[in-house]
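> Before I ask anything, let me first share the structure, which is written out below as structure tokens.
There are 2 protein chains.
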Amino acid sequence: MHCQELFKPDGRQLTLYSRAPITALAAAPSPFAEPLGANPHLRWHPLRGEWVTYAPYRQERTFLPPPQYNPLAATLDPLYPTELPRGDYDVAVFDNRFPALALEARAPPPLIVPTAAARGHCEVVVFTQDARASLGALGLEHIELLLQVWAARTARLAARAPVAYVLPFENRGAEVGVTLHHPHGQIYAYPFVPPVPRRMLEQERAFYEENGTALLVDLAQREVASGARLLYRGQHAVAFVPVCARYPYEVWVTPLAQVGQFAALTPPQRADLARALKTVLLKYEGLWQRPFPYLMAWYQAPTDGQPHPETQLHAQFLPPYRTRERLKYLAGTELAAGLFAMDALPEDKARELQQVAVSLEPP
Amino acid sequence: MHCQELFKPDGRQLTLYSRAPITALAAAPSPFAEPLGANPHLRWHPLRGEWVTYAPYRQERTFLPPPQYNPLAATLDPLYPTELPRGDYDVAVFDNRFPALALEARAPPPLIVPTAAARGHCEVVVFTQDARASLGALGLEHIELLLQVWAARTARLAARAPVAYVLPFENRGAEVGVTLHHPHGQIYAYPFVPPVPRRMLEQERAFYEENGTALLVDLAQREVASGARLLYRGQHAVAFVPVCARYPYEVWVTPLAQVGQFAALTPPQRADLARALKTVLLKYEGLWQRPFPYLMAWYQAPTDGQPHPETQLHAQFLPPYRTRERLKYLAGTELAAGLFAMDALPEDKARELQQVAVSLEPP
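See the structure below:
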């Protein structure tokens, strides 16, 4: 993996990644000339016992781009700079202009609940220069590079004092609120382990103390043994609709052996994880022969420098559709109570996805 | 409050409620002739440490109603029975035909995670016979009656052995997945305290042990003292955008004194809570001069027969819009991490709602 670091005129960092050496670039563009001075703050939610972050500085842009302007495409017209330069890179990462968490955030004024500076970091990961591609359409080597990029970003963010947890994710499709179709994801670096991964870690710790193995490694083995919900089974990685799916087309992708974080993947594990990931994405795309929206989140160990034999690197896909025409809305019981109600059995949805034939490049 | 109980031909129960005596009805209609035998089951989600419920029996209805058929309107044509009879009632409650939890559920076969019968109960609460009304358009006495109905349903459900928690809620608007516009809500009776109220109870217990008062009573007093986010302040009840709102137009409605459940409301408290509730609903409706979608959930004490001086009956409104045109999508950080990110400050959204003038009937 090759990379080049640059700074944008407004102070944000840009890093370009490629499988081949990158021709050095002199400067990085930005649609914005001046630093924003993002200053998000946290407020404590005493009833839920969790923080909420507030970033009330999303001001109107003064910038008026042409109709086809895509901020994630390489800059063609210097009058309308995008977020990215022209160049021979495969993946690019830059600081989010409007972050929900910022390393430079300052302590907010007191309120009737505890408050704190929302320290952390938010960045955008552009998966490819091809605006019309999708993650699943990328070659296996390109997807492997992305797994390496996530490892590199995690290591870099973990080195910043306030960062406790790094979460790469992709929101895909208008149905999940994304209007920019250029393939990209985001990385959030949190100053604490946020509620969902914290809960998972508690469950994983309890399981490890009782059984001496990682909960998800154990569950993946059971899914392989059952086979009923299996979508991919390689030498090192597996993908399945989990037996306890909360979304009709929910899928998890994980190494078979215990691996706590991206950086701990061996090259064969990374290669097989890329195959598992691409298989799932192609099945999604093939299911209704149209782009398939989802939230994809990659969970890994906290960045506390401790060993985490109890936890398992894995992706969870949470797609919003429950049938070709119908969205699954999170409503009363899901949002207000936290008990997810499913009309579909995971076995039936897995069968639909199992029946979508996909072909990968030979290993 | 007057009520009449009836059974539908398919075995489901219907209860009619009115402020005035109800002329006795001989029979209750149903769009369905035969019992469904709903048999939902629970599966344990080991990573999240929570149950998920599966109700895979939503079969296609064989029933072909006329285009204007509204299953929540009173039956006009006996060839096309609805869920409700003609009669002089104000509010009606009937068993959900397709429940996510059912008292008669049987133990499911074993799987690779623990499973259990999804015992519990789901019912539909029709707020009024007027299909074109809305909760906020109902008179104060009608809303008070609804608060009494919620108390009566809670008491009735609490008497069933498996029930541990009763949650009345309303999903309103196509934006939250509701296609039936006749004003109605639902009640879920859970066989355990579900994750969201369980977490709240833990926080409330810890606060009570430390301070000897209910957390939300304390917070409501601080909201009243601050005034910045206040929408209604009566003698017994209050409504405000909470300082820690997770949704731009989130509002909480609660009595000022500690009240654990609907049944414990005094008549003056109930009357003022109705005024607070109607005020919020009229402000929502007035904000953009159009129906305002939301999820409204009413939290109360678990139905364990124990005193709960730590917890507070209250409604949380979670509206899906963040501006007049834009929905707030729950995406990566909210769904995958559990850290809610807000672009809007609660103070600014409260100001918008404060500026909507509403007029109630004089107290």
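Order-wise, the sequence lines are chains Y and F.
Each residue of the first sequence is one higher than the last, beginning at 7 in the working numbering.
Each residue of the second sequence is one higher than the last, beginning at 7 in the working numbering.
Note that CB positions come from ideal geometry on N, CA and C, so glycine has one too.
1. Do the stretch 209–227 of chain F and the stretch 211–222 of chain Y touch if we need at least three Cβ pairs shorter than 8 Å?
2. According to the Cβ coordinates, are H190/Y and V119/Y closer than 8 Å?
3. Classify R281/F: buried if its beta carbon has 16 or more other beta carbons within 10 angstroms, exposed otherwise.
4. Rounded to whole angstroms, what's the CA-CA distance from G17/Y to P62/Y? Just pull it up for me.
5. Which partner residues of R178/Y appear in the DSSP bridge assignment?
6. Answer with buried or exposed for R178/Y, where buried requires no fewer than 16 other C-beta atoms within 10 angstroms of its C-beta.
7. Hey, C250/F and W50/Y: beta-carbon distance below 8 Å or not?
8. Is G126/F closer than 8 Å to Q197/F when the C-beta atoms are compared?
9. Mind checking the stretch 156–184 of chain F against chain Y and listing, in chain order, the residues whose C-beta falls within less than 7 Å of any C-beta there?
10. Strictly below 9 Å CB to CB, what residues from chain Y border Q267/F?
11. Please report the straight-line C-alpha distance between H242/Y and V199/Y, rounded to a whole angstrom.
12. How would you write the range of the alpha helix (DSSP H) that G292/F sits in, first residue to last?
13. Cutting at 6 Å between CB atoms, please list the residues of its own chain near K355/Y, excluding the five before and the five after it.
14. Closer than 8 Å by beta-carbon distance: list the chain F residues that pair up with D278/Y, in chain order.
15. What does DSSP give as the partner residue(s) for H8/F in the beta ladder?
16. Smallest Cα separation from T121/Y: which of L351/Y, P15/Y, P52/Y and Y305/Y?
17. Is there a C-beta anywhere in chain Y that falls below 8 Å from the one on C250/F?
18. Determine the DSSP secondary structure at V169/Y, reduced to helix, strand or coil.
19. Count the other CB atoms, across all protein chains shown, that sit within 10 Å of the CB of R138/F; report buried if there are 16 or more and exposed otherwise.
20. The beta strand (DSSP E) spanning F213/Y covers which residue range?
21. Please determine, among T329/F, M302/F, T272/F and Y86/F, the residue with the shortest C-alpha to C-alpha distance to A157/F.
22. Which same chain residues end up closer than 8 Å to Y75/Y when comparing Cβ atoms and leaving out the 5 residues on each side of it in sequence?
23. Quick one, which of E331/Y, R330/Y, T329/Y and F346/Y has its alpha-carbon nearest E337/Y's?
24. Applying a beta-carbon distance threshold of less than 7 Å, which residues of chain F neighbour Q192/Y?
25. Who pairs with G191/F in a beta bridge, going by DSSP?
26. Roughly how many angstroms lie between the CA atoms of A307/F and V259/F, to the nearest whole one?
27. Starting from Q227/Y, trace the alpha helix (DSSP H) in both directions and tell me its first and last residue.
28. Alpha carbon to alpha carbon, how far is G344/F from A161/Y? Give it in angstroms, no decimals.
29. When you compare only the Cα positions, how much space is there between R276/Y and G266/Y?
30. Give the DSSP bridge partners of L333/F, in chain order.
31. Can you pull the chain F neighbours of V132/Y, defined as C-beta to C-beta under 9 Å?
32. If we count the other Cβ atoms within 10 Å of its Cβ and call it buried at 16 or more, is E129/F buried or exposed?
33. Taking just the CA atoms, how far does R239/Y sit from E229/F?
34. Taking 8 Å as the CB-CB limit, is W50/F close to chain Y?
35. For P114/F, does the three-state DSSP call read helix, strand or coil?
36. Keeping to the same chain, check which residues put their C-beta closer than 6 Å to that of E215/F; ignore five residues upstream and five downstream.
Reading it off the structure:
1. no
2. no
3. buried
4. 20 Å
5. Y300/Y
6. buried
7. yes
8. A small fix is needed here, since residue 197/F is Pro in this sequence, not Gln. Their beta carbons are under 8 Å apart, which means P197/F touches G126/F by this criterion.
9. L173, F175, N177, V182 and G183
10. Neighbours of Q267/F on chain Y: none; closest Cβ ~16 Å, over 9 Å.
11. 28 Å
12. P273 to L293
13. V247, P254 and Y255
14. Those within 8 Å of D278/Y in chain F number zero; the least Cβ separation is about 22 Å.
15. S24/F
16. P52/Y
17. yes
18. coil
19. exposed
20. F213/Y -> not in any beta strand (DSSP E); alpha helix (DSSP H) instead, spanning P201 to N217.
21. T272/F
22. Y86 and T88
23. Going by the sequence as given, residue 337/Y is Ala instead of Glu. Selected option, being the one with the closest Cα: F346/Y.
24. G338
25. V131/F
26. 16 Å
27. L221 to S232
28. 23 Å
29. 13 Å
30. Y327/F
31. Going along chain F, no residue has its Cβ under 9 Å from V132/Y, so there is no contact; the nearest lies around 16 Å.
32. buried
33. 55 Å
34. yes
35. coil
36. none
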